[in-house]
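Protein chains: 2
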Amino acid sequence: MDELDAAIVRLLQSDARLSNRELARRIGVAPSTCLERVRLLRKHGVIRGFHADVDLDALRREVQALVTVRLRKHSRPSYEALKGTVSSWPEVLTLFVVSGDGDIVLHVAVQSPERLHAFLVDRLATRPEVDRFETSLIFQRVHNRVLDQLPEVS
Amino acid sequence: MDELDAAIVRLLQSDARLSNRELARRIGVAPSTCLERVRLLRKHGVIRGFHADVDLDALRREVQALVTVRLRKHSRPSYEALKGTVSSWPEVLTLFVVSGDGDIVLHVAVQSPERLHAFLVDRLATRPEVDRFETSLIFQRVHNRVLDQLPEVS
DNA sequence: GTTGAAATTTATACAAG
DNA sequence: CTTGTATAAATTTCAAC
């Protein structure tokens, strides 16, 4: 990753649909050079994919929460079982495996407070791996979608 | 949002760089129809943008954490001041304003455990709005990038 | 709202520096 | 690794349904 790659990565984070021509123009190289750079960034896993960011309200997900889950057992099968199940739940946007008071944090988004409660008691609380959980309503989310490469630690 | 819009939104979440032709082919309409649909979805704010998903390790962000922050005062100026400051910190990926034990949750990603500590004590703890905070290391993150529209609540 | 076709713009491969 | 050029493909507009 040199300066050019960093610039490409920055621009494609802010707009994944930039044409290759425009991208090349902005970083100051020929389109064919730019195309090859992007191809390599994808191949090497630096760029993992391109995704549309969709308004949650439009998806009828007006209520968001962070749910901190504590497992009954801290065994690998316990983690894997819950992770596997959760990934099939449409309510869940992100799952974090964490240290600390909780073991897993879920970011969920659903239609209503009632649906949130239904998710918690019908889906989550019925899982045998789950001991207990705490729920925080999300009033606001601010996403930074353009991340720069941090400087090397010297 | 009819069935066609939902299909477009679904496909563009999984691959924002799908060509308009391919998108049109998959949902079964003419390219010009598809183009107009996408244009309207953007105009109406359903599609908020297109972003490249970049590997955090490639950005030298190998250590992630969730930081639950408690404010000294629960006044609007207190929230706004911290939100404003945080948005200029490159370490922060997402900020959640939440209810519950914490008032704000930060998802941060930095170079090393040492840098995480530096972030916490030098940046966060020095803010006058901050009372205290708790930090959970993130061992794993599973992102669901394709969200379907949830059914109407009847 | 949708379409097909024309005109414009872009992506892509590749030979060469 | 980079570039310019040639070819193929896609985007975009628009008159008409």
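Residue numbers (the UniProt record's numbering), protein chains in the order written: chain A, 1 to 154; chain B, 1 to 154. Built from N, CA and C at the ideal position, the CB exists for glycine as well.
Assignment of beta-bridge partners to Glu3 of chain B by DSSP yields no partner. Beta-bridge partners assigned by DSSP to His143 of chain A: B:Thr94.
Distance between Leu71 of chain B and Val92 of chain A, taken at the CA atoms: about 28 Å.
Among the CB atoms of chain B, one or more fall inside 7 Å of the CB of Arg48 of chain A.
Under the Cβ distance rule, Thr94 of chain A counts among the residues neighbouring chain B, one pair being separated by less than 7 Å.
DSSP places Ala24 of chain A outside any beta strand (DSSP E); the residue lies instead in the alpha helix (DSSP H), whose first and last residues are 20-27.
In the three-state reduction of the DSSP assignment, Ala125 of chain A falls in the coil class, being assigned neither a helical nor a strand state. Residue contact with chain B for Leu35 of chain A: absent (no Cβ-Cβ distance below 7 Å to any residue of chain B). When the Cα atoms are used, Val54 of chain A and Gln64 of chain B turn out to be separated by approximately 25 Å.
Residue ranges of uninterrupted alpha helix (DSSP H) with 4 or more members, entirely inside the stretch 10-93 of chain B and ordered along the chain, are 20-27, 31-43, 76-86. Between the stretch 46-62 of chain B and the stretch 7-23 of chain A, the count of Cβ pairs shorter than 8 Å is three or higher; the stretches touch. With distances taken between CA atoms, Cys34 of chain B lies nearest to B:Ala24 out of B:Leu40, B:Ala24, B:Arg42, B:Leu120. Across the structure, Glu3 of chain B and Gln140 of chain A are spaced so that their CA atoms are roughly 29 Å apart. Secondary structure note for Leu120 of chain B: it is in no beta strand (DSSP E), with a DSSP letter that is neither H nor E.
Judged by DSSP secondary structure, Val110 of chain B falls within the beta strand (DSSP E) whose first and last residues are 104-110.
Around Phe139 of chain B, the beta-carbon contacts reaching into chain A at under 9 Å are Phe96, Val97, Val98, Ser99. Just so you know, the alpha carbons of Leu150 of chain B and Leu66 of chain A end up roughly 18 Å apart. Not a single C-beta of chain B is nearer than 7 Å to the C-beta of Pro77 of chain A.
Assigned with DSSP and collapsed to three states, Glu114 of chain B falls in helix. Around the C-beta of Arg76 of chain A, fewer than 16 other C-beta atoms lie within 10 Å, and the residue is accordingly described as exposed. Ala7 of chain B and Pro90 of chain A have their alpha carbons spaced roughly 16 Å apart.
Within a 10 Å sphere around the beta-carbon of Arg21 of chain B sit fewer than 16 other beta-carbons, which makes this residue exposed.
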